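First the structure, in the form of structure tokens, and then the observations on it.
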Amino acid sequence: MRARTNSFVLLAAVIAAAVHPALAAVLPDDRADALYHRYEGGGVTVDGPSLLVRKKLGEKYSVAANYYMDFVSSASIDVVTQASPYREQRRQASLGFDMLNGRTQYSVAYTNSDENDYTANTASLDVSQSLFGDLTTLSFGFSRAWDDVSKRGDPGFHETVDRWSYRLGASQILTPRLTMGLSLETISDQGYLNNPYRSARYLDPDVAAGYAWEPEVYPSTRTSTAVSLDGRYFVWYRAAVHGMYRYFTDTWGVGANTVRVGYTHPLGDRWILEAAYRWYDQSAADFYSDLFPREDSQNFVGRDKELSTFQSQMVTFGATWQLPPLRWGGLERTTVNLFYDHALYDYADFRDIPKGGAPGTEPLYHFSADVLRLFFSAWF
Amino acid sequence: MNAARRAVLLVLAALAGCSSVEPWVKPYERQNFADVIMAAERDPVSTAYIDHVYEAREGARGALGGHGGGCGCN
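Sequence lines, in order, name chains A and B. Here this note's numbering is used: the first residue of the first sequence is 1, the next is one more, and so on. Here this note's numbering is used: the first residue of the second sequence is 381, the next is one more, and so on.
What follows is the structure in structure tokens.
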């Protein structure tokens with residue numbers, strides 16, 4: 001876990017969402033996906049597979065299973081300044097079940113994520129309902145998660161985290177070419193929310209470097225609210241323009257804006273090309289500082305760059321190629337897909353200590369990351 | 381009639397009105413939404429992975445759109 005903290009756990013319910021259907025009144029297609037993912041940036045490399053299988057059981061039921069792995073090699077800025085580079089693995093399994101009853105769809109899912117110092121279990125329930133001749137879909141959902149936190153080298157360390165998530169959604173077909181959606185989600189955490197390996201930095205005139213480290217201390221509760229609006233428009237020559245805006249705020253003082261715009265363009269019957277741009281900015285948590293004035297200067301101290309003031313930009317290019325019809329296995333359609341993302345992260349109050357300088361005057365940290373998604377999909 | 385009763389009646393009247401709403405985009409006008417390029421979440425495994433990348437690097441979480449997902453975790 002270390003500097004990456006429990007952020008890996010996020011994938012648990014994200015994958016749980018992936019095994020959920022997107023719209024009510026229609027069960028998801030029978031399909032299988034085999035994905036290879038790779039993230040490289042900021043001294044961190046994470047890669048591994050993800051496998052998903054979905055299958056209908058009669059007209060009213062559908063099951064989905066996902067298995068996901070991360071192989072992590074980390075020499076991030078946190079690790080370089082506070083610890084030693086490390087390698088680790090994480091395994092995650094999800095199982096989902098959908099039931100269609102008239103225009104109402106019920107979905108339940110369970111996810112277990114396990115790494116050597118962090119275990120997470122998430123259960124979720126989602127309900128969606130089609131209205132007005134299927135022009136409108138309303139949905140609501142609830143997730144509950146239980147995490148166990150341990151610490152390598154400290155067998156006596158054991159902490160827990162409880163999480164609750166509540167979400168509401170509405171999607172609406174507005175015209176024969178335009179559909180829009182609105183989502184609201186509130187998440188509450190309670191328990192050990194900081195990283196047992198990460199430290200906060202404070203000024204210390206008694207040491208040669210001019211600064212020293214103390215363990216991070218976070219509040220034991222956090223509640224966040226996010227609301228997003230998205231839309232997708234069908235262009236007359238057969239292409240799609242899509243966009244999304246999300247506003248985020250939480251009780252730690254973090255505020256964020258996300259904007260994403262994209263364009264999807266088919267080429268003939270076999271190719272689909274896609275390009276997108278994403279902007280993200282956030283303000284820092286109230287208890288975040290790159291350099292505190294002294295030891296124990298306040299009740300809560302944190303130096304997680306994910307809680308600092310920063311902005312990021314990402315461009316995405318993707319291509320989907322539909323293979324010629326295969327004559328075996330009952331396969332209806334198969335595709336090979338490649339998506340590449342390039343991201344830039346610029347921090348406004350997180351300093352690059354290895355670059356040197358007097359405490360608090362080091363250059364501001366920034367890094368770039370490349371993300372690859374290569375996957376094979378089959379519908380049957 | 382107090383304000384709460386008026387509000388309840390207003391909501392009931394609105395719902396009754398909704399039940400008779402005629403779809404203004406007819407079924408035969410919706411072929412565009414059946415096109416794969418209009419799918420909000422064409423490839424769920426791929427979308428879930430990139431959403432995870434975002435949330436691992438950013439303080440924000442939830443309301444990711446499309447699947448209405450999120451996580452219930454930090």
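Quick reminder that beta carbons are idealized off the backbone N, C-alpha and C, glycines included. On a predicted model such as this, the values are computed, not experimentally measured, just so you know.
Residue closest to residue i, alpha-carbon to alpha-carbon, out of the options
{"i": "T264/A", "options": "Y408/B, Y429/B and I417/B", "result": "I417/B"}
{"i": "S390/A", "options": "R103/A, G181/A, D206/A and A75/A", "result": "Here chain A comprises residues numbered 1 to 380, so residue 390/A is not present and cannot be evaluated."}
{"i": "R91/A", "options": "V80/A, A256/A and Y68/A", "result": "Y68/A"}
{"i": "L273/A", "options": "V301/A, Y340/A, A284/A and M314/A", "result": "Y340/A"}
{"i": "G262/A", "options": "M244/A, L125/A, Q313/A and P205/A", "result": "M244/A"}
{"i": "H366/A", "options": "P354/A, D346/A and Y277/A", "result": "D346/A"}
{"i": "K151/A", "options": "L174/A, N116/A and W164/A", "result": "N116/A"}
{"i": "R144/A", "options": "D269/A, G58/A, V108/A and E295/A", "result": "V108/A"}
{"i": "D98/A", "options": "Y110/A, Q89/A, E88/A and T258/A", "result": "Y110/A"}
{"i": "F300/A", "options": "L125/A, G133/A, N194/A and L182/A", "result": "N194/A"}
Cα-Cα separation between residue i and residue j, rounded to whole angstroms
{"i": "D114/A", "j": "S94/A", "result": "12 Å"}
{"i": "S128/A", "j": "I430/B", "result": "24 Å"}
{"i": "V227/A", "j": "W328/A", "result": "45 Å"}
{"i": "T136/A", "j": "P176/A", "result": "13 Å"}
{"i": "Y118/A", "j": "S84/A", "result": "19 Å"}
{"i": "V26/A", "j": "L100/A", "result": "7 Å"}
{"i": "L229/A", "j": "A64/A", "result": "28 Å"}
{"i": "D286/A", "j": "D304/A", "result": "12 Å"}
{"i": "D29/A", "j": "A378/A", "result": "10 Å"}
{"i": "V241/A", "j": "D370/A", "result": "24 Å"}
{"i": "A22/A", "j": "G41/A", "result": "Its pLDDT being 43, under 50, A22/A is placed unreliably by the model, and nothing is read from it."}
{"i": "V232/A", "j": "A208/A", "result": "According to the sequence as given, residue 232/A is Arg; it is not Val. So the two alpha carbons sit approximately 57 Å from each other."}
{"i": "F234/A", "j": "N412/B", "result": "7 Å"}
{"i": "G268/A", "j": "L52/A", "result": "28 Å"}
{"i": "A17/A", "j": "P324/A", "result": "Note on A17/A: pLDDT 46, under 50, position unreliable in the model; the coordinate value appears next. Those two C-alpha atoms are separated by around 31 Å."}
{"i": "K56/A", "j": "Y280/A", "result": "38 Å"}
{"i": "R260/A", "j": "R278/A", "result": "4 Å"}
{"i": "D204/A", "j": "E306/A", "result": "25 Å"}
{"i": "S62/A", "j": "F376/A", "result": "21 Å"}
{"i": "R333/A", "j": "L326/A", "result": "8 Å"}
Start-to-end residues for the alpha helix (DSSP H) that takes in residue i
{"i": "A414/B", "result": "Q411 to A414"}
{"i": "I77/A", "result": "I77 to Q82"}
Continuous beta strand (DSSP E) stretch holding residue i: start and end
{"i": "T160/A", "result": "H158 to I173"}
{"i": "Y434/B", "result": "Careful: Y434/B lies outside any beta strand (DSSP E), inside the alpha helix (DSSP H) at P424 to R437."}
{"i": "H187/A", "result": "According to the sequence as given, residue 187/A is Ile; it is not His. Run containing I187/A: L178 to G191, per the beta strand (DSSP E) assignment."}
{"i": "Y288/A", "result": "Neither: Y288/A is in no beta strand (DSSP E) and is coded neither H nor E."}
{"i": "N112/A", "result": "T104 to E115"}
{"i": "A34/A", "result": "R31 to G41"}
Assumed close pair residue i, residue j - CB separation to whole angstroms, cut-off 8 Å
{"i": "G141/A", "j": "R167/A", "result": "5 Å"}
{"i": "G43/A", "j": "V80/A", "result": "7 Å"}
{"i": "Y211/A", "j": "Y197/A", "result": "With a Cβ gap of about 18 Å, Y211/A and Y197/A do not count as contacting."}
{"i": "E362/A", "j": "R351/A", "result": "4 Å"}
{"i": "G48/A", "j": "D70/A", "result": "5 Å"}
{"i": "W252/A", "j": "A319/A", "result": "That pair is no contact at about 39 Å."}
{"i": "E438/B", "j": "Q282/A", "result": "7 Å"}
{"i": "G302/A", "j": "E216/A", "result": "5 Å"}
{"i": "L184/A", "j": "A443/B", "result": "6 Å"}
Counterpart residues of residue i in DSSP-defined beta bridges
{"i": "F142/A", "result": "L125/A and Y166/A"}
{"i": "W236/A", "result": "Paired residues: none, contrary to the question."}
{"i": "W328/A", "result": "Per DSSP, none; premise fails for W328/A."}
{"i": "G96/A", "result": "A64/A and A109/A"}
{"i": "K305/A", "result": "According to DSSP, which records beta bridges pairwise, K305/A is partnered with nothing at all."}
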